[in-house]
């Protein structure tokens with residue numbers, strides 16, 4: 018998804034992707050901000066510390082206008098695009114991971130290349146992931162008073 | 018707090034402790050399960066990766082019946098007890114960190130000793146913290162269907 022928060026088709030794909038990775042023991046975060054200024058639609062952290070980024074493409078136009086996706090590889094060990102069942106898969110480069118998903122789950126079509134992060138980057142990304150997840154969780158338990166019903 | 022989930026006075030102290038550490042840039046988790054089988058009332062993870070455990074004592078009896086608190090030191094760089102303003106502070110050993118808290122915030126009375134975790138343990142604790150926070154957060158977004166209203 019390009020900018021803003023996930024909505025419509027993209028939000029459904031995100032849910033299915035998170036279900037898939039959660040079932041495999043990963044913790045998942047939506048819209049994880051990166052130092053580069055971009056946001057990862059889904060970032061998943063595995064039991065052995067593996068970091069996965071999944072970029073959701075709601076349709077061909079969304080894919081064609083995104084020229085910056087290779088930047089995500091600096092922040093993960095594996096990168097995937099996730100698309101709906103009706104997305105024309107031939108558009109997606111062959112050397113990138115691909116997942117087909119809907120609201121209820123996801124199935125990998127192909128694994129992307131593994132490009133293992135350097136230790137210092139992995140440590141930084143994991144630590145930011147942990148603090149962000151905890152901050153968001155804390156906001157559900159003790160929400161800021163600025164937002165009143 | 019000894020066993021079970023936090024309630025009453027302990028829950029209020031936990032909220033104040035989390036506000037204190039959140040304001041200092043830490044991500045906080047309540048009731049973090051440890052490999053030892055115990056749970057840390059509050060676990061906080063700092064920007065530089067520092068791991069803090071805070072054990073809440075709702076009253077003198079709760080403190081006197083807890084003989085296992087030194088075990089927590091294996092899982093953190095710093096350990097604190099947190100108590101309410103009316104707790105008799107003389108009961109708490111002098112060589113342990115102490116925080117006084119209520120629902121609205123917390124103030125450290127004394128820093129405990131720093132006992133820096135070994136790298137492998139720090140990595141394991143941080144990774145578990147990250148995945149647990151993300152799993153709990155995910156459950157607020159996409160709750161398991163077993164729990165219906």
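Residue numbers (full-length UniProt numbering), protein chains in the order written: chain A, 18 to 166; chain B, 18 to 166. No residue lacks a Cβ here, since even glycine has one placed at the ideal position from N, Cα and C.
Closer than 8 Å to chain B by CB, residue i
i: residue 134 (chain A); result: no
i: residue 66 (chain A); result: yes
i: residue 45 (chain A); result: yes
i: residue 39 (chain A); result: yes
Inter-residue spacing [alpha-carbon to alpha-carbon] between residue i and residue j
i: residue 152 (chain A); j: residue 42 (chain B); result: 9 Å
i: residue 97 (chain A); j: residue 84 (chain B); result: 49 Å
i: residue 107 (chain B); j: residue 115 (chain B); result: 11 Å
i: residue 63 (chain A); j: residue 157 (chain B); result: 20 Å
i: residue 19 (chain B); j: residue 56 (chain B); result: With a pLDDT of 49 at residue 19 (chain B), under the threshold of 50, the modelled position of that residue is not reliable, and the figure given next carries that caveat. Rounded to whole angstroms, residue 19 (chain B) to residue 56 (chain B) spans 9 Å at the Cα level.
i: residue 155 (chain B); j: residue 45 (chain A); result: 7 Å
i: residue 161 (chain B); j: residue 53 (chain B); result: 27 Å
i: residue 132 (chain A); j: residue 86 (chain A); result: 15 Å
Where residue i sits in the DSSP three-state scheme
i: residue 67 (chain B); result: coil
i: residue 98 (chain A); result: strand
i: residue 45 (chain B); result: strand
i: residue 56 (chain B); result: strand
i: residue 134 (chain A); result: coil
i: residue 149 (chain A); result: helix
i: residue 117 (chain B); result: strand
i: residue 108 (chain B); result: helix
i: residue 29 (chain B); result: helix
i: residue 62 (chain A); result: strand
i: residue 85 (chain A); result: coil
Proximal chain B residues relative to residue i, where beta-carbon distance stays under 8 Å
i: residue 157 (chain A); result: 154, 157
Proximity test, Cβ basis, 8 Å: residue i and chain A
i: residue 123 (chain B); result: no
i: residue 108 (chain B); result: no
Neighbouring residues, chain B, relative to residue i (Cβ below 7 Å)
i: residue 146 (chain A); result: 147
i: residue 35 (chain A); result: 155, 159
Own chain partners of residue i with C-beta closer than 6 Å, once the 5 adjacent residues on each side are dropped
i: residue 99 (chain A); result: 30, 34, 71, 73, 116, 118
i: residue 123 (chain B); result: 33, 34, 37, 116
Under 9 Å by beta carbon: chain B residues contacting residue i
i: residue 95 (chain A); result: Residues of chain B passing the Cβ test: none, with the nearest at roughly 17 Å.
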